[in-house]
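Here is the structure we will look at.
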Amino acid sequence: MRLSSANAIKADFHDIYRASDPRRYFSVMGGLDYVIPEIAGPILLQLADRLIQSTGRPITILDIGCSYGILSAVMRSGLSMDELRCRYAKPALQVQNSDGLAWYDSHYYASWPPRGDMRFIGLDRSPEAIAYAQRVGLIEEGLVVDLETNSPRERARSVLRTVDLIVSTGAVGYVSEKTFAKILQVFPPGQAPWIASFVLRLFDYTGIAETARHHGLATERLEGVTFMQRRFRDETEANEALRLLESRGLDPAGKEAEGRYHAELFVSRPAADVNRANLSGIVSPPS
Ligand SMILES: C[S@@+](CC[C@H](N)C(=O)[O-])C[C@H]1O[C@@H](n2cnc3c(N)ncnc32)[C@H](O)[C@@H]1O
């Protein structure tokens, strides 16, 4: 089944991705216990720290489907999704317009110790989300583009060429191998960045892994662990997801059958890096 067809069974949150600030995102997604950025953050930091150590310089992280810069927020601050949801629900912030909220947020996010060794590029098809993330300092550069249907222009290509690590949570399904192929094409042979994707078990990652392989990257799935993403919105969404998982030969018992989507971690790296240490040797998921 194509990624886009599997994605169609998920509840549609298009409107909240296009708001001028993240308040509705946190109230709606928070209401569904959307936690994947918080679970992914510490693992992505382990990969980032490894790259910082091996390159001996600051690195650039590309967050595909970055929305309002949420992964950057949790990776830089260690805040939980619940802490962020509560912050945006505070009456003092609820009464602000988006400009006022952005003023508070830019000071808030600047109050954590700076990580001079990590810079973020956000890519999203939502101009509103990218503008907000950039304005409050959660991403250093923003790319508003849908690479499923368009090609990157020259400015985007030169920004993408600076990337060391591509990350994503909640984006695969919306984006497919088409997006990854267009990003990887900008790198000279042998210089593709690492890719770390948290992907719902609904989705088949084979096409993206194959694209990565064409660019010299070997893909591993972290064995023996899945990551909670969010609760199903309703019974219809749950039933559809369970039906799709079963059609993929996956057993939902103890995972999706308990009422939540589960994701897996796929990491693509040059084969030489994989041979030196496999994925379970370089990341340890929090319990
Ligand atoms: C579920 S949200 C995930 C946001 C964030 N990564 C997180 O985990 O909190 C999906 C994001 O993907 C973006 N998106 C959807 N289709 C896209 C596409 N074709 N290209 C780039 N971004 C896309 C949406 O605008 C939205 O911000």
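Heads up: the sequence shown is residues 1 to 287, going by the working numbering. Virtual Cβ for every residue (Gly too), placed ideally from N, Cα, C.
Can you tell me where the alpha helix (DSSP H) with Ser77 in it begins and where it stops? For the purposes of this step, residue 77 is identified with residue 77 of the sequence shown, where counting begins at 1. Counting along the chain, the alpha helix (DSSP H) containing Ser77 begins and ends at 70-77.
Could you compute how far the alpha carbon of Val267 sits from the alpha carbon of Ser106? For the purposes of this step, residue 267 is taken as the residue at position 267 of the sequence shown. For the purposes of this step, residue 106 is taken as the residue at position 106 of the sequence shown. Approximately 32 angstroms between the Cα atoms of the pair.
Got a sec, what are the start and stop residues for the beta strand (DSSP E) Ile59 sits in? Locating residue 59 in the sequence shown gives position 59, counting from the first residue. 59-64 is the span of the beta strand (DSSP E), which, as asked, contains Ile59.
Taking just the CA atoms, how far does Gly259 sit from Phe232? Looking up residue 232 in the sequence shown gives position 232. Looking up residue 259 in the sequence shown gives position 259. Whole-angstrom Cα-Cα distance: 6 angstroms.
What beta strand (DSSP E) runs, 3 residues minimum, are completely inside the segment 157-185? Taking only runs of at least 3 residues, the beta strand (DSSP E) segments lying wholly in the segment 157-185 are 165-169.
Report back the beta-carbon spacing between Cys66 and Asp12 to the nearest angstrom; my notes put them in contact at under 8 angstroms. As a first step, residue 66 is located in the sequence shown; it is residue number 66 there, counting from the start. As a first step, residue 12 is located in the sequence shown; it is residue number 12 there, counting from the start. Contact between Cys66 and Asp12 is absent: CB atoms are separated by about 19 angstroms, not below the 8 angstroms threshold.
Simplified DSSP assignment, three categories, for Tyr25: Locating residue 25 in the sequence shown gives position 25, where the first residue counts as 1. If DSSP states are grouped into helix, strand and coil, Tyr25 belongs with the helices.
List the endpoints of the continuous beta strand (DSSP E) containing Gly41. On the sequence shown, residue 41 is found 41 positions in, with the first residue counted as 1. In the DSSP assignment, Gly41 falls outside any beta strand (DSSP E) and lies within the alpha helix (DSSP H) extending over 36-55.
Let me check understanding here. Comparing Cα to Cα, which of Pro114, Pro285, Lys90, Ile52 lies closest to Val163? As a working note, residue 163 is residue 163 in the sequence shown. For the residues Pro114, Pro285, Lys90, Ile52, the minimum Cα distance to Val163 belongs to Ile52.
C-alpha distance - Leu244 paired with Gln94, whole-angstrom precision: Numbered from 1 along the sequence shown, position 244 holds the residue referred to as residue 244. Numbered from 1 along the sequence shown, position 94 holds the residue referred to as residue 94. Near 39 angstroms, if we compare the C-alpha coordinates of Gln94 and Leu244.
List the whole-angstrom C-beta distance separating Met118 from Ala48, where the pair is believed to meet the contact cut-off of C-beta under 8 angstroms. Residue numbering aside, residue 118 sits at position 118 when the sequence shown is read from its first letter. Residue numbering aside, residue 48 sits at position 48 when the sequence shown is read from its first letter. Contact flag correct, Cβ pair sits at about 6 angstroms.
From the DSSP output, read off the bridge partner residues of Val144. As a first step, residue 144 is located in the sequence shown; it is residue number 144 there, counting from the start. Answer by DSSP bridge pairing, in chain order: Asp124.
Euclidean distance between Cα positions of Ala156 and Gly254: Within the sequence shown, the letter at position 156 stands for residue 156. Within the sequence shown, the letter at position 254 stands for residue 254. Cα-Cα distance, rounded: 42 angstroms.
Taking only the alpha-carbon atoms, compute the straight-line gap between Arg24 and Asn275 and give it to the nearest angstrom. Taking the sequence shown and counting its residues from 1, one reaches residue 24 at position 24. Taking the sequence shown and counting its residues from 1, one reaches residue 275 at position 275. Between Arg24 and Asn275, the C-alpha separation is close to 44 angstroms.
With DSSP as the reference, please indicate the residues paired to Leu217 in a beta bridge. Counting from one through the sequence shown, the residue named residue 217 turns up at place 217. Bridge partners of Leu217: Pro270.
Are the beta-carbon atoms belonging to Ala192 and Gly207 less than 7 angstroms from one another? Here residue 192 corresponds to residue number 192 of the sequence shown, with the count starting at 1. Here residue 207 corresponds to residue number 207 of the sequence shown, with the count starting at 1. Result no, Cβ atoms of Ala192 and Gly207 do not sit closer than 7 angstroms.
Grab the span of the alpha helix (DSSP H) containing Leu84 for me, first residue to last. Working through the sequence shown from its first residue, we reach residue 84 at position 84. Start and end: 81-89.
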